[in-house]
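The structure appears right after this line, and notes come after that.
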Amino acid sequence: MNRVVNYQQCIKESYQYVKNLPSKGALADYIPELARVDDSKFGAYMTNLDGEDFGIGDDLEKFSIQSISKVLTLTMAYQKLGEKIWERVDVEPSGAKFDSLILLDTNKGIPRNPFINSGAIVVCDILVSQLGDPKKEFLQFVRDLADLPELEYSKEIASSEKSCGYRNVALCNYIKSFGNIENDPSEVLDFYFLACSLMMTCQELSQCFGFLANRGRRIADGKKIVSSSQSKRLNALMMTCGFYDESGEFAFGVGLPGKSGVGGGIVAVYPKNYTFAVWSPKLNLKGNSYLGMKFLEDFTTRSELTIF
Ligand code: GLU
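Last residue of the sequence shown: 311 in my numbering, with the numbers rising by one and none dropped.
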């Protein structure tokens with residue numbers, strides 16, 4: 004830590020702060036299985052580079068990480084393809100909804116960034132091309148990030164999303180019409196839905212993202228996942244594109260790179276310091292966890308543990 008601060012106390016105070024706030028927002032009911040989640044849940048877990056982790060609330064309960072998986076699929080594809088990956092997907096904020104089709108036409112099938120659905124679908128296509136068994140190998144990749152051998156997909160959530168994922172089907176077919184999808188769209192989407200369905204706790208998520216706080220290396224043993232330059236770029240993308248058309252608001256309020264998912268999870272990274280995973284299922288109108296954002300804003304303001 005670059006400043007002596009009682010961060011455990013700050014976490015407790017931020018937790019009390021959000022517990023006293025009105026719980027606004029709604030569950031992501033466009034995926035039927037996600038509408039069944041208990042919306043009163045709240046968990047938070049911090050993983051520190053100094054080894055002193057701390058969690059609170061429902062931090063050990065599994066939830067569907069949804070779009071947080073987009074950072075992990077991108078990391079794996081970046082490992083495989085290196086800088087050539089940016090020929091397939093751009094690095095600019097979209098300023099549009101997570102499942103928007105509008106910019107694809109102007110940009111000739113090159114998604115604005117890898118953290119909106121169109122971009123993540125292209126990243127999944129890259130992994131389908133690069134890997135013999137993408138579903139199995141991606142799961143193993145995430146398990147290895149933080150030594151989590153028990154990690155699993157939720158087949159129920161993946162098939163629930165598949166049953167009504169019309170916009171993602173449209174996105175994938177539209178991108179293919181520009182030649183930026185190499186494989187069969189149904190194979191790419193099956194993998195995409197499964198990756199989004201990964202079930203993790205706040206503790207597991209924050210530990211799994213530790214390499215992004217540690218210059219691309221696993222915290223536990225220093226094993227290199229990506230280079231420090233690639234880690235810089237992944238963090239930069241999370242900072243500018245991690246929250247769809249609310250990325251500016253998150254940077255403004257929280258002051259950290261991060262990524263949200265419609266399961267109500269948020270991961271935030273303070274490079275060279277800590278990672279934080281927060282979970283509260285009710286989403287604001289932009290599709291980001293309402294209380295999760297409030298918690299992180301309060302925590303970084305209270306503790307001054309922010310990059311700015
Ligand atoms: N699986 C979700 C979808 O494609 C992910 C969206 C999100 O978490 O933002 O709609």
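Just so it is clear, CB atoms sit at the ideal spot from N, CA and C, and this is done for glycine as well. As the structure is a computational prediction, the values presented were derived from the model and not from experiment.
| Check | Outcome |
| --- | --- |
| Hey, Ser-200 and Ser-67: beta-carbon distance below 8 Å or not? | yes |
| Between the C-alpha atoms of Leu-24 and Trp-282, what's the straight-line distance to the nearest angstrom? | 15 Å |
| Taking DSSP's pairing of strands, which residues face Phe-196 in a bridge? | For Phe-196, which the question treats as bridged, DSSP gives no partner whatsoever. |
| Output the distance between the C-alpha atoms of Ile-222 and Leu-52, rounded to the nearest integer angstrom. | 7 Å |
| For Trp-282, list the residues DSSP reports as bridge partners. | Gly-46, Gly-268 |
| Would DSSP call Ser-17 helix, strand or coil? | helix |
| So, under 8 Å CB-CB, Met-202 and Lys-65 are touching, yes? Tell me the CB distance rounded to an integer number of Å. | 4 Å |
| Assuming Pro-18 and Ser-306 form a contact by the criterion Cβ under 8 Å, report the distance between their Cβ atoms to the nearest whole angstrom. | Pro is not the amino acid found at residue 18; the sequence shown has Tyr there. Between Ser-306 and Tyr-18 the Cβ distance is about 13 Å, and since that is not below 8 Å, they are no contact. |
| Give every residue of the same chain whose Cβ lies closer than 7 Å to the Cβ of Glu-16, excluding the five residues on either side of it in the sequence, and list them in chain order. | Arg-305 |
| How would you call Ile-105, buried or exposed, if buried means at least 16 neighbouring beta carbons within 10 angstroms? | exposed |
| Excluding the 5 residues flanking Lys-22 on each side, which residues of the same chain have their C-beta closer than 8 Å to its C-beta? | Phe-45 |
| With a threshold of 16 other CB atoms inside 10 Å of the CB of Asn-5, please say whether the residue is buried or exposed. | Unreliable positioning characterises Asn-5 in this predicted model, as indicated by a pLDDT of 46, which lies under 50. The coordinate reading is nonetheless provided below. Exposed is the call here. |
| Which two residues bound the contiguous beta strand (DSSP E) that contains Lys-262? | 261-263 |
| Can we count Glu-265 as close to the ligand GLU, meaning its CB is less than 7 Å from some heavy atom? | Looking at the sequence shown, residue 265 is not Glu but Val. Yes. |
| Taking 7 Å as the cut-off, is the CB of Phe-302 close to at least one heavy atom of the ligand GLU? | no |
| Would you mind giving the Cβ-Cβ distance between Gly-245 and Ser-263, rounded to the nearest angstrom? I have them listed as a contact below 8 Å. | 7 Å |
| Could you tell me the boundaries of the beta strand (DSSP E) in which Ile-59 lies? | 57-60 |
| Taking the alpha-carbon of Ala-216 as reference, which of Arg-39, Leu-286, Gly-54 has the nearest alpha-carbon? | Gly-54 |
| For Arg-220, write down the residues that DSSP places opposite it in a beta bridge. | Lys-227 |
| For Ser-70, verify whether its CB is less than 7 Å away from any heavy atom of the ligand GLU. | yes |
| Just curious, the alpha helix (DSSP H) that Cys-127 is in, first and last residue? | 120-133 |
| Would you kindly work out how many angstroms separate the C-alpha atoms of Pro-96 and Gly-225, rounded to a whole number? | 31 Å |
| Quick check: is any heavy atom of the ligand GLU less than 7 Å from the C-beta of Cys-199? | yes |
| Output the distance between the C-alpha atoms of Ser-311 and Leu-240, rounded to the nearest integer angstrom. | The question names Ser, but residue 311 is Phe in the sequence shown. Computed Cα separation, rounded: 17 Å. |
| Exposed or buried, Pro-152, counting other C-beta atoms within 10 Å across all chains shown (16 or more means buried)? | exposed |
| Am I right that Asn-171 and Tyr-156 are in contact with their C-beta atoms under 8 Å? What's the rounded C-beta distance? | Contact flag wrong, Cβ pair sits at about 16 Å. |
| So, is Phe-279 buried or exposed, given that buried needs 16 or more other C-beta atoms within 10 angstroms? | buried |
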